[in-house]
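Quick note, my numbering runs 1040 ahead of the 1-based positions in the sequence shown. Just below is one structure, and these are the notes that go with it.
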Amino acid sequence: MSSRIDQLELALRQVAETVRGLEGRVAELERRGAPVEVAELWPGPAVSREAGRGRLASLVPLVGRTLLILGGAFLLRAVTELEATPNAVGLLLGFLYAMAWLFAAYRSAAGPEGRLGAAFHAAVSAVIAYPLVLEAATRFGLLEQRGAAVAVAVVSAALLWVAVRRRLATAAAAASVGGGLTLLALLRAAARPAPALIMLTALGLALFWLCRRQGWRLWPWPSALMADLAFAIVPAGIASGRFEIEPGLAVALQVGLFVAYGIAFAVPALAFSDEREGAATVGTFEIVQTLLAGVVAFGGAWKIAGADSVLAGLTALVLGVAAYGVAFSRAVRADRRRNFFYFTSLGLALIAVGSLGLLPAIRAALVWSVLGIACALASARFERVTLSLHCTLYLLAALLASGLARTATAGFWMPDPAAWPPIRWDHAVVIAALFAASVIPAARRSSSWDRLALVPRAALLLFGVWAAGGALLALLAPRYLGTGLELDAGALATSRTGLLAIAALLLAWLSRRPRFTEAAWLVYPLLALAGFRVLSQDLLEGRPVTLFVSLGLLGASLMASARWLKREEPASD
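If you want it as structure tokens, here you go:
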């Protein structure tokens, strides 16, 4: 009992000491004549409310000052419109007025008003300066298109200088949005689009570099998207006679947009270092802008100059080779992440586009066949599954461009061989490339791809079965099975079913070897397709003899494939 009483006495003494402390603080505040606030005695949420009220109190005067600044700008404009001063003098005064407030932003960022005041001053400076440049070019005719583009560059450079010196993102945002919109308006009002297009490209690149260094991810987007929009409308403007520009210069400008951004994206990746790991990793902006700029640049170039634009095709090929070179540089090759995939994919797309721009489809298919084998060899050499994927994509493109895909599909599905596309010598080259690439031991393991690392090889085998089987049918069916009224429909159906069953059997046999384990993925889908053909075609069009052959081949393939796929120990390669 005594111990409990002692504990209660101790607790009461602690409460009494706390009350005496609070009384002392209250007495001290009363002696100073200050009102007693709960937040001063017991810190809590009231403190954050006070901070919010303080921020609001500092924001209201800034809004009022901004309105006064804009009122002063309109006063200068009113004086100019009343012809109290020459137009040139009035516009110059307005421009100096805007620059004065930009200087105020530079000063206030390090002063008592802080960054909030600097942001307001920078924004109001841009709101005044950019419309002045636009009016000087469009309404008053004091600036030609080239001079107006230079004036936009001066304003944007001043804003970006303040953004860098004071780490003021608002100034960069004002340059990105304000400069881009002003140049778009100049483009809309101009007959010669070159100055605005060049300046839009330069502004976008400047913002990309600056924002990358400062870590501002949002503000490169507006200027880049507005540049893409500007270049997208140029071909339509030329076709309608709205723009006056030489086709060669227009194509050069279109392609120059992509070249400029491509170089800007490649340089940081080449400067990649372990000390700054991740600093040069390609991001969402680079990927999206590459896609948009590529579509706009090369699509616009071919729309302006026609499908035989040598400049666009050569540029795409050179850039494609350069992209592969960047991918295999020491800085990028050592980075098994996004950069390597980005630059190799860019090289694949550019070489495909350039080949189609310079060569007929048949010759482009031959080039892609060679490139597919080269990618398979490179995949085996550098152990890159990405290159195995490129091999498959190049050969798929060759299948489509050569017409072999259409011929093979006709061999498997079209009813009358007389209507099938013919087999040509270049089809044999593509088929040989498919089988050569399948034999090459390309990379099949990757920590980042996991099980998907086998997909490119499996797709390659599937394309080989599709191309070779369809071509074989297209070559032999018209000679031995007839056409038109003489066509033996039952024999044709059996040939197709039997070919699928034999292909599944061969793939099951190949899957026993370590180099072709992914072939097992295709066995049952092919057998299922063969069974579907038996039910949908053979039973309807076949005779007892042809049905005997179809069912026999399918049954034998099912039994042998199941046996080979169950083997636990694969045979040696």
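Glycine included, C-beta positions come from ideal geometry on N, C-alpha and C. Remember, it's a predicted structure, so these values are computed and weren't measured experimentally.
Point to revise | First through last residue of the alpha helix (DSSP H) which encompasses Met1599 | key: By 1-based counting over the sequence shown, the position of residue 1599 is 559. First-last of the alpha helix (DSSP H) with Met1599: 1584-1605.
Exercise for review: Leaving out five residues on either side along the sequence, give the residues of the same chain with a beta carbon under 6 Å from the beta carbon of Glu1581.
Suggested key: Position 541 of the sequence shown, counting from 1, holds the residue named residue 1581. Around Glu1581: Ala1529, Gly1530, Ala1533.
Exercise for review: Tell me whether Met1599 is buried or exposed, calling it buried when 16 or more other Cβ atoms sit within 10 Å of its Cβ.
Suggested key: Position 559 of the sequence shown holds residue 1599. Met1599 comes out exposed.
Practice item. Quick one: residues in its chain with C-beta nearer than 7 Å to the C-beta of Leu1515, no 5 flanking neighbours on either side, listed in chain order? Key: By one-based count along the sequence shown, residue 1515 stands at place 475. Taken in chain order, the residues that qualify are Ile1463.
Review point. What residue from Glu1526, Val1469, Trp1561 has the CA that sits closest to Leu1502's CA?
Key: What you label residue 1502 is simply residue 462 of the sequence shown in a count that begins at 1. It is Trp1561 whose Cα lies nearest to the Cα of Leu1502.
Check your understanding: Is Ile1285 closer than 8 Å to Pro1233 when the C-beta atoms are compared?
Key -> Locating residue 1233 in the sequence shown gives position 193, where the first residue counts as 1. Locating residue 1285 in the sequence shown gives position 245, where the first residue counts as 1. Yes, these two residues count as a Cβ contact at 8 Å.
Check your understanding: Comparing alpha-carbon positions, which option in Arg1403, Gly1387, Arg1573, Ile1402 lies nearest Cys1415?
Key -> The residue you call residue 1415 lines up with position 375 of the sequence shown. Looking at the Cα atoms, Gly1387 is the closest of the given residues.
**Study point:** Cα-Cα separation between Arg1378 and Ala1483, rounded to whole angstroms
**Key:** Working through the sequence shown from its first residue, we reach residue 1378 at position 338. Working through the sequence shown from its first residue, we reach residue 1483 at position 443. Cα-Cα distance, rounded: 18 Å.
Review point. Among Ala1270, Pro1461, Leu1429, Ile1471, which one has its Cα closest to the Cα of Ala1508?
Key: Position 468 of the sequence shown, counted from the start, is the residue given in the question as residue 1508. If we check each option's Cα against that of Ala1508, Ile1471 comes out closest.
Exercise for review: Report the three-state DSSP secondary structure of Val1322 (helix, strand or coil).
Suggested key: Locating residue 1322 in the sequence shown gives position 282, where the first residue counts as 1. Three-state DSSP puts Val1322 in coil, outside helix and strand.
Check your understanding: Looking only at its own chain, which residues have a Cβ that is under 6 Å from the Cβ of Glu1558, when we skip the five neighbours before and after it?
Key -> Here residue 1558 corresponds to residue number 518 of the sequence shown, with the count starting at 1. Excluding positions up to five away in sequence, the list reads Leu1494, Arg1497, Ala1498.
Practice item. Assuming Ala1189 and Leu1200 form a contact by the criterion Cβ under 8 Å, report the distance between their Cβ atoms to the nearest whole angstrom. Key: Along the sequence shown, one-based indexing puts residue 1189 at 149. Along the sequence shown, one-based indexing puts residue 1200 at 160. The pair is not a contact, with the Cβ atoms about 16 Å apart (cut-off 8 Å).
Check your understanding: Do you know whose CA, among Phe1271, Leu1513, Val1194, lies nearest Ala1458's CA?
Key -> In the sequence shown, residue 1458 corresponds to position 418, counting from 1. Comparing Cα positions, the closest option is Leu1513.
Practice item. Use the C-beta contact count for Asp1490: other C-beta atoms within 10 angstroms, 16 or more gives buried, fewer gives exposed. Key: For this step, residue 1490 is matched to residue 450 along the sequence shown. With fewer than 16 Cβ atoms within 10 Å of its Cβ, Asp1490 is classed as exposed.
Review point. Roughly how many angstroms lie between the CA atoms of Gln1185 and Pro1275, to the nearest whole one?
Key: The residue you call residue 1185 lines up with position 145 of the sequence shown. The residue you call residue 1275 lines up with position 235 of the sequence shown. The alpha-carbon atoms of Gln1185 and Pro1275 are separated by roughly 19 Å.
Point to revise | Under the three-state DSSP convention, the category Glu1581 falls into | key: Within the sequence shown, numbered from 1, the residue matching residue 1581 stands at position 541. Three-state result, Glu1581: helix.
Exercise for review: Note down the Cα distance separating Arg1155 from Leu1297, rounded to an integer number of angstroms.
Suggested key: One-based indexing of the sequence shown puts residue 1155 at position 115. One-based indexing of the sequence shown puts residue 1297 at position 257. If you take the alpha carbons of Arg1155 and Leu1297, they lie about 35 Å apart.
Practice item. Identify, in the order they occur along the chain, each residue of the same chain with its Cβ nearer than 6 Å to the Cβ of Gly1219, setting aside the five sequence neighbours on each side. Key: Indexing the sequence shown from 1 puts residue 1219 at position 179. So the qualifying residues of the chain are Val1192, Ser1196, Leu1243.
**Study point:** Counted within 10 angstroms of its Cβ, other Cβ atoms place Thr1241 as buried (16 or more) or exposed
**Key:** Counted from its first residue, the sequence shown places residue 1241 at position 201. Classification for Thr1241: buried.
Practice item. Just the C-alpha distance for Leu1492 and Glu1423, rounded to the nearest angstrom, thanks. Key: Working through the sequence shown from its first residue, we reach residue 1492 at position 452. Working through the sequence shown from its first residue, we reach residue 1423 at position 383. Roughly 15 Å separates the two Cα atoms.
Check your understanding: DSSP state of Trp1082, grouped into three classes?
Key -> Here residue 1082 corresponds to residue number 42 of the sequence shown, with the count starting at 1. With a pLDDT of 38 at Trp1082, under the threshold of 50, the predicted position of this residue should be treated as unreliable, though the coordinate-derived value follows. In this structure, Trp1082 counts as coil in the three-state DSSP scheme.
Exercise for review: Could you pull out every residue in the same chain whose Cβ sits closer than 7 Å to the Cβ of Ala1198, ignoring the five residues on either side in sequence?
Suggested key: Stepping through the sequence shown from its first residue, residue 1198 is reached at position 158. Met1139, Leu1142.
Exercise for review: Give me the Cα-Cα distance between Gly1334 and Ala1374, rounded to the nearest whole angstrom.
Suggested key: Mapped onto the sequence shown, residue 1334 falls at position 294. Mapped onto the sequence shown, residue 1374 falls at position 334. Each residue's Cα considered, the two are about 27 Å apart.
Check your understanding: Which of the three DSSP states, helix, strand or coil, is assigned to Trp1506?
Key -> The residue given as residue 1506 occupies position 466 in the sequence shown. Three-state DSSP puts Trp1506 in a helix.
**Study point:** Counted within 10 angstroms of its Cβ, other Cβ atoms place Ser1428 as buried (16 or more) or exposed
**Key:** Indexing the sequence shown from 1 puts residue 1428 at position 388. Under this definition Ser1428 is a buried residue.
Review point. When the Cβ atoms of the segment 1381-1399 are set against those of the segment 1443-1455, are three or more pairs found closer than 8 Å?
Key: no
Review point. Can you round the beta-carbon distance between Met1266 and Leu1237 to whole angstroms, since I take them to be within the 8 Å contact cut?
Key: Taking the first residue of the sequence shown as 1, we reach residue 1266 at position 226. Taking the first residue of the sequence shown as 1, we reach residue 1237 at position 197. Their Cβ separation, rounded to whole angstroms, is 11 Å, which puts Met1266 and Leu1237 out of contact at 8 Å.
**Study point:** Contact between the segment 1280-1294 and the segment 1322-1342 (3+ Cβ pairs under 8 Å)
**Key:** yes
Check your understanding: Can you tell me the Cα-Cα spacing of Arg1257 and Gly1323, whole angstroms?
Key -> Against the sequence shown, residue 1257 aligns to sequence position 217. Against the sequence shown, residue 1323 aligns to sequence position 283. Rounded to the nearest angstrom, the two C-alpha atoms are 10 Å apart.
Practice item. Can you have a look at Tyr1364 and say buried or exposed, based on whether 16 or more other CB atoms are within 10 angstroms of its CB? Key: One-based indexing of the sequence shown puts residue 1364 at position 324. Buried: at least 16 other Cβ atoms inside 10 Å.
Point to revise | Nearest-angstrom Cα separation, counted from Leu1547 out to Ala1476 | key: Within the sequence shown, the letter at position 436 stands for residue 1476. Within the sequence shown, the letter at position 507 stands for residue 1547. Computed Cα separation, rounded: 16 Å.
Review point. Is it right to say Tyr1520 is buried, meaning 16 or more other beta carbons lie within 10 angstroms of its own, or is it exposed?
Key: Stepping through the sequence shown from its first residue, residue 1520 is reached at position 480. So Tyr1520 counts as exposed.
Check your understanding: Between which two residues does the alpha helix (DSSP H) carrying Trp1453 extend?
Key -> Counting from one through the sequence shown, the residue named residue 1453 turns up at place 413. Run containing Trp1453: 1444-1453, per the alpha helix (DSSP H) assignment.
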